[in-house]
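Quick mapping for you: the protein sequence lines, in order, are chains Z and L.
Read left to right, the first sequence gives residues -3 to 234 (our numbering).
Read left to right, the second sequence gives residues 207 to 275 (our numbering).
Ideal placement from N, C-alpha and C gives every residue a C-beta, glycine not left out.
In what follows, a structure is listed as structure tokens, so that the remarks can point back to it.
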Amino acid sequence: MSDEDTIGAGDRHDLLAAEYVLGVLGAEERRQAEFRLASEPGFAAEVASWEARLGGLAEGIPAVAPPAMVWEGIEARLSASLKPVTEHAGIWQSLAFWRTFAIASAALAAASMAGLVYLAQAPSQRAPLLARLNAGSGQASFVAAVSEGGDRVTIIPAALLSGDQQKAFELWLIPPRDKPHSLGLIDPSRPVRINVPKSLLPQVNSNAVLAVSLEPPGGSPTGQPTGPVIANGKLASL
Amino acid sequence: MERLEISEDQARLRDCLQELDERQSAAIRSAFLDGSTYEELAKKASVPLGTMKSWIRRGLLKLRACLER
């Protein structure tokens, strides 16, 4: 009773998006899906639909602490140890870990992703913002989608970054004529959802730029980018 | 208003999950909530990998069909 025999090619194609959202794919298939997510709008739309369909599964999970606290915890772990970050690969690579803290926002994020899909039917809603964060070479390194309320940013790696394991990747919001504001650390190997601090909400609009810089483990010690900016891009309405 | 819409979606998802085989819906829930891969799920349920893939894929197709009704 093999699927290959009984599930049509078209369905198999659609199911990859569902399998990606569910998180059941092995590492290699997952990388392929992430590549297609960044390069094929049709596939990205399919992923958004499945996020919307399955997001309700996260219901019933109590809300978790705000990401700031999560990050503080991670920072504490990292700075408490003189060992290289690679020693912590377990928690950084653990899908369960990412899910646990992403899950409370999954339903809302799914709703916002669904906004991308339903936009045509609801033109009065505020248009979601997207940004393509390009490296100096002009190649996209990350794709970012902002929820309708502007309060959540989903940032998806679009290229395989041969990461320096000693460095953290920090996301910045740069309003026009303003200094960068940190949105927190991101993972170059998987999508991360970030809650935007309330104080920054008014700045999340199509005039702002998102940028990613390389920072010491735990993030920038100064509150401003201290390492090279490896990718940046302007937010734009869909 | 928005809250109401979300809960309606969730009610529909719940109803549609109930239409699936118990094994299918349990596997899908477990995959989503635990973040387990096909391989891990198959090992946990002590079934061959192909069987687990089949449960989940068939469940997903049924789920989509139900939600789009």
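Determine the chain Z residues that contact Asp215 of chain L at a beta-carbon separation under 7 Å, and present them in chain order. As a position in the second sequence, residue 215 of chain L is number 9, starting the count at 1. Under a criterion of Cβ atoms nearer than 7 Å, the residues of chain Z adjacent to Asp215 of chain L are, in order, Gly52.
Coarse secondary structure for Arg148 of chain Z, derived from DSSP in three states: What you label residue 148 of chain Z is simply residue 152 of the first sequence in a count that begins at 1. In the structure shown, Arg148 of chain Z sits in a strand (DSSP, three-state: E or B).
Contact set for Asp267 of chain Z: own chain, Cβ-Cβ below 7 Å, skip 5 residues either direction: Since the first residue of chain Z shown is -3 and the last is 234, residue 267 of chain Z is not available in this structure.
Would Gly22 of chain Z count as contacting chain L if we go by Cβ distances under 7 Å? As a first step, residue 22 of chain Z is located in the first sequence; it is residue number 26 there, counting from the start. Judged by the 7 Å Cβ criterion, Gly22 of chain Z is in contact with chain L.
Can you pull the chain L neighbours of Ala14 of chain Z, defined as C-beta to C-beta under 7 Å? Here the question's residue 14 of chain Z lines up with position 18 in the first sequence. Neighbours of Ala14 of chain Z on chain L, chain order: Leu266.
contact_flag[the stretch 245 to 257 of chain L, the stretch 24 to 32 of chain Z] where n(CB pairs < 8 Å) is 3 or more: The stretch 245 to 257 of chain L and the stretch 24 to 32 of chain Z do not touch, with fewer than 3 CB-CB distances between them shorter than 8 Å.
Interface partners of Ala49 of chain Z on chain L, CB under 8 Å: In the first sequence, counting from the first residue as 1, residue 49 of chain Z sits at position 53. Note on residue identity: the sequence assigns Arg, not Ala, to residue 49 of chain Z. Going along chain L in sequence order, the residues near Arg49 of chain Z (Cβ under 8 Å) are Leu219, Leu269, Arg270, Leu273.
Return the first residue and the last residue of the alpha helix (DSSP H) that Ser45 of chain Z is part of. In the first sequence, the residue the question calls residue 45 of chain Z occupies position 49. Taken as a continuous stretch (DSSP letters only), the alpha helix (DSSP H) holding Ser45 of chain Z covers 37 to 50.
Cβ closer than 9 Å: which chain L residues qualify as neighbours of Gly6 of chain Z? Sequence index remark: in the first sequence, residue 6 of chain Z carries index 10 (1-based). None at all; the shortest Cβ gap to chain L is about 11 Å.
Compute the Euclidean distance between the alpha carbons of Asn228 of chain Z and Leu226 of chain L, then round it to the nearest angstrom. Residue 228 of chain Z sits at position 232 when you count from the first residue of the first sequence. Residue 226 of chain L sits at position 20 when you count from the first residue of the second sequence. Between Asn228 of chain Z and Leu226 of chain L, the alpha-carbon positions lie close to 44 Å from each other.
Mind reading off the beta-carbon distance from Val208 of chain Z to Ile182 of chain Z? Whole number of angstroms is fine, and I expect it under 8 Å. Taking the first sequence and counting its residues from 1, one reaches residue 208 of chain Z at position 212. Taking the first sequence and counting its residues from 1, one reaches residue 182 of chain Z at position 186. A Cβ-Cβ distance of about 7 Å is found for the pair Val208 of chain Z and Ile182 of chain Z, placing them in contact under the 8 Å criterion.
Between the Cα of Ser195 of chain Z and the Cα atoms of Z:Pro171, Z:Leu53, Z:Val188, which residue gives the shortest distance? As a working note, residue 195 of chain Z is residue 199 in the first sequence. Of the listed residues, the one whose Cα sits closest to Ser195 of chain Z is Z:Pro171.
Ala141 of chain Z versus Leu125 of chain Z: straight-line alpha-carbon distance, rounded: Position 145 of the first sequence, counted from the start, is the residue given in the question as residue 141 of chain Z. Position 129 of the first sequence, counted from the start, is the residue given in the question as residue 125 of chain Z. So the two alpha carbons sit approximately 6 Å from each other.
If you measure beta-carbon to beta-carbon, which residues of the stretch 235 to 260 of chain L are closer than 9 Å to chain Z? Within the stretch 235 to 260 of chain L, Arg235, Ala237, Phe238, Leu239, Asp240, Gly241, Ser242, Thr243, Tyr244, Glu245, Glu246, Leu247, Gly256, Thr257, Met258, Lys259, Ser260 place their CB atoms closer than 9 Å to a CB of chain Z, listed in sequence order.
Of the listed residues Z:Leu197, Z:Arg173, Z:Gly52, Z:Pro224, nearest to Glu144 of chain Z (C-alpha basis): Within the first sequence, the letter at position 148 stands for residue 144 of chain Z. Per the Cα distances, Z:Leu197.
Against chain Z, with Cβ distances strictly below 7 Å, would Arg229 of chain L count as a contact? Sequence index remark: in the second sequence, residue 229 of chain L carries index 23 (1-based). No, no contact with chain Z.
Between the C-alpha atoms of Val188 of chain Z and Tyr244 of chain L, what's the straight-line distance to the nearest angstrom? Indexing the first sequence from 1 puts residue 188 of chain Z at position 192. Indexing the second sequence from 1 puts residue 244 of chain L at position 38. Roughly 22 Å between the two C-alpha positions.
Reduced DSSP secondary structure (H/G/I, E/B, other) of Leu18 of chain Z: Along the first sequence, one-based indexing puts residue 18 of chain Z at 22. Assignment of Leu18 of chain Z by DSSP, reduced to helix, strand and coil, places it in the helix class.
In chain L, which residues lie with their C-beta within 9 Å of the C-beta of Ile3 of chain Z? The residue labelled residue 3 of chain Z in the question sits at position 7 within the first sequence. For a Cβ distance threshold of 9 Å, residue set Ser260, Arg263, Arg264, Leu267 of chain L lies close to Ile3 of chain Z, ordered along the chain.
Taking the alpha-carbon positions, what's the Ala131 of chain Z to Phe138 of chain Z distance? Taking the first sequence and counting its residues from 1, one reaches residue 131 of chain Z at position 135. Taking the first sequence and counting its residues from 1, one reaches residue 138 of chain Z at position 142. CA-CA distance, Ala131 of chain Z to Phe138 of chain Z, rounds to 9 Å.
Leu196 of chain Z CB to nearest chain L CB: under 7 Å? For this step, residue 196 of chain Z is matched to residue 200 along the first sequence. Residue-level contact check: Leu196 of chain Z does not touch chain L, since none of the beta carbons of chain L fall below 7 Å from its beta carbon.
Can you tell me whether Ala100 of chain Z is buried or exposed? The criterion is at least 16 other CB atoms within 10 Å of its CB, across all chains shown. Position 104 of the first sequence holds residue 100 of chain Z. Because Ala100 of chain Z sits at a pLDDT of 42, beneath the cut-off of 50, its placement in the model cannot be relied upon, and the following sentence gives the value as read from the coordinates. By the 16-neighbour rule on beta-carbons within 10 angstroms, Ala100 of chain Z is buried.
Please look up how many angstroms separate the CB atoms of Gly235 of chain Z and Ala237 of chain L, rounded, as I've assumed it's under 8 Å. This structure cannot speak to residue 235 of chain Z, because chain Z is shown only from -3 to 234.
Would you kindly work out how many angstroms separate the C-alpha atoms of Ser231 of chain L and Ile262 of chain L, rounded to a whole number? Locating residue 231 of chain L in the second sequence gives position 25, where the first residue counts as 1. Locating residue 262 of chain L in the second sequence gives position 56, where the first residue counts as 1. Rounded to whole angstroms, Ser231 of chain L to Ile262 of chain L spans 8 Å at the Cα level.
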